[in-house]
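Numbering (my numbering), first residue to last: 297 to 723.
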């Protein structure tokens with residue numbers, strides 16, 4: 297990056313697909329800006345995905361600005377290295393003015409209405425700030441982890457790469473969300489003995505009545521539904537993602553099927569005491585909840601097919617393939633031969649470096665389609681920023697284009713406010 301200067305119209309904090317999408321539209325509007333990235337552009341896709349990772353949405357949904365999916369398998373699911381290559385091609389197209397390997401330590405608004413940015417590369421200022429660092433910052437690991445024996449290998453899902461990374465022995469996977477379910481499957485396929493502590497994550501079919509479920513939902517307008525239109529309103533942002541996989545061409549994940557094949561399922565992990573993991577007696581409830589969401593989505597598709605008079609294969613009847621005979625509330629670490637624990641219970645946001653009164657009690661930014669109540673401060677790349685597609689490759693372009701229009705409008709407003717002062721100075 298050459299010719300760095302101190303002040304920019306816009307500073308973008310974060311160099312992932314969201315930040316570069318904003319850069320794309322800012323360049324189209326000839327608005328000067330700088331992208332500041334703590335690591336390297338698209339870093340998280342290279343460093344925070346396991347070896348067998350695939351997208352869970354079909355490739356055709358990859359619609360970054362002027363960079364749709366460019367491969368030969370639109371209904372397939374790109375593997376991790378293919379996603380990285382796709383994003384690298386996007387970065388090459390955008391050619392953002394970027395400063396890589398630079399950490400932002402503080403962003404604050406000064407008395408002149410300008411943003412001051414302190415970073416590991418020095419100080420900058422800007423008229424407007426776009427926070428594009430996502431919302432998954434601090435891996436959540438419970439305090440009980442401190443009491444587990446030192447010999448036990450522990451890691452968070454963000455650090456997991458492959459079964460070979462773990463010592464020999466059984467593995468306890470904690471959490472059955474998108475990452476937990478897929479990592480448990482990865483270990484299960486590799487022949488490892490897996491104990492899975494479930495949560496209340498929902499699941500979804502992969503194929504239903506002749507199409508991928510994502511294709512049905514897209515056709516039904518679900519990915520265009522805004523937060524304001526959703527029955528839960530802002531509460532939808534707290535929902536756990538449905539578990540499903542794009543592995544081996546795509547398939548659904550049924551934890552009950554895993555149980556038939558030897559994976560041992562438990563309810564929510566609550567405690568570790570005297571060598572035992574203690575679980576809540578809610579395995580049956582967790583499985584039933586996941587299935588109820590699964591069936592509800594299928595029923596909505598059924599209703600859409602009927603209302604539109606679409607010819608489609610008949611709806612299959614769902615019958616659970618396995619039921620727990622009893623709830624098991626304890627599992628002894630030694631007796632189970634557990635050598636590793638993988639924590640798949642999510643992340644916490646960390647915006648400690650941003651001095652702005654725009655956060656709720658959980659540390660999440662309060663915004664309207666990425667626009668905060670603090671003038672000139674925006675967010676992008678968050679789940680359900682505006683629609684279900686906002687946290688995916690399918691919706692980030694629309695979010696970025698919208699924010700750049702707001703940035704441009706704010707810039708015009710500021711220029712208009714300064715114009716009378718400049719005219720007075722000339723008089």
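A virtual CB, placed ideally from N, CA and C, is assigned to each residue, including glycine. On a predicted model such as this, the values are computed, not experimentally measured, just so you know.
Going by other Cβ atoms of all chains shown within 10 Å of its Cβ, with 16 needed for buried, is residue i buried or exposed?
{"i": "residue 591", "result": "exposed"}
{"i": "residue 682", "result": "buried"}
{"i": "residue 442", "result": "exposed"}
{"i": "residue 297", "result": "At residue 297 the pLDDT is 48, less than 50, meaning the model places this residue with poor confidence; the figure from the coordinates comes in the next sentence. By the 10 Å Cβ count, residue 297 comes out exposed."}
{"i": "residue 695", "result": "buried"}
{"i": "residue 301", "result": "exposed"}
{"i": "residue 630", "result": "exposed"}
{"i": "residue 304", "result": "buried"}
{"i": "residue 439", "result": "exposed"}
{"i": "residue 723", "result": "Bear in mind that the predicted position of residue 723 carries a pLDDT of just 49, short of 50, making it unreliable; the figure below should be weighed with that in mind. Classification of residue 723: exposed, given that the 10 Å Cβ count is below 16."}
{"i": "residue 392", "result": "buried"}
{"i": "residue 550", "result": "buried"}
Rounded C-beta distance between residue i and residue j? I'm assuming under 8 Å.
{"i": "residue 672", "j": "residue 504", "result": "That belief does not hold up - the Cβ atoms of residue 672 and residue 504 are roughly 45 Å apart, past 8 Å."}
{"i": "residue 458", "j": "residue 368", "result": "No, residue 458 and residue 368 are not in contact; Cβ-Cβ is about 27 Å, not under 8 Å."}
{"i": "residue 675", "j": "residue 666", "result": "5 Å"}
{"i": "residue 752", "j": "residue 643", "result": "The chain is shown only over 297 to 723; residue 752 falls outside these bounds and no answer can be derived."}
{"i": "residue 585", "j": "residue 463", "result": "33 Å between Cβ atoms; not a contact."}
{"i": "residue 430", "j": "residue 312", "result": "7 Å"}
{"i": "residue 332", "j": "residue 400", "result": "6 Å"}
{"i": "residue 403", "j": "residue 650", "result": "5 Å"}
{"i": "residue 540", "j": "residue 589", "result": "Contact flag wrong, Cβ pair sits at about 11 Å."}
{"i": "residue 494", "j": "residue 582", "result": "4 Å"}
{"i": "residue 306", "j": "residue 426", "result": "6 Å"}
Looking at the strands, I want to know which residues DSSP matches up with residue i.
{"i": "residue 547", "result": "541"}
{"i": "residue 522", "result": "683"}
{"i": "residue 363", "result": "360"}
{"i": "residue 636", "result": "449, 467"}
{"i": "residue 661", "result": "655"}
{"i": "residue 375", "result": "350"}
{"i": "residue 628", "result": "572"}
{"i": "residue 643", "result": "435"}
{"i": "residue 561", "result": "492"}
{"i": "residue 382", "result": "Bridge partners of residue 382: none, in fact."}
{"i": "residue 667", "result": "664, 674"}
{"i": "residue 650", "result": "403"}
Between the segment 355-371 and the segment 414-422, are three or more C-beta pairs nearer than 8 Å?
no
Where in the segment 391-477 do unbroken runs of the beta strand (DSSP E), each at least 3 residues long, occur, reported from the N-terminal end onward?
394-396, 400-405, 411-415, 418-427, 449-452, 466-470
Where are the alpha helix (DSSP H) runs, 4 residues long or more, that stay fully inside the segment 563-599, in chain order?
none
Are three or more beta carbon pairs between the segment 581-598 and the segment 652-663 nearer than 8 Å?
no
Would you call the segment 450-457 and the segment 638-651 in contact, with 3 or more CB pairs under 8 Å?
yes
So, does the segment 507-522 touch the segment 317-327, judging by three or more C-beta pairs under 8 Å?
no
Check whether the segment 602-619 touches the segment 440-453, counting contact only when three or more Cβ pairs, one atom from each stretch, lie closer than 8 Å.
no
Runs of 3 residues minimum, wholly inside the segment 485-517: which ones carry the beta strand (DSSP E) assignment?
490-493
Contained alpha helix (DSSP H) runs [length at least 4] in the segment 297-333, N- to C-terminal order
313-324
Do the segment 572-585 and the segment 374-387 make contact, defined as three or more Cβ pairs closer than 8 Å?
no
Counting Cβ pairs closer than 8 Å, one from the segment 365-381 and one from the segment 334-351, do we hit at least three?
yes
If you pair each beta-carbon of the segment 465-482 with each one of the segment 698-713, do three or more pairs fall below 8 Å?
no
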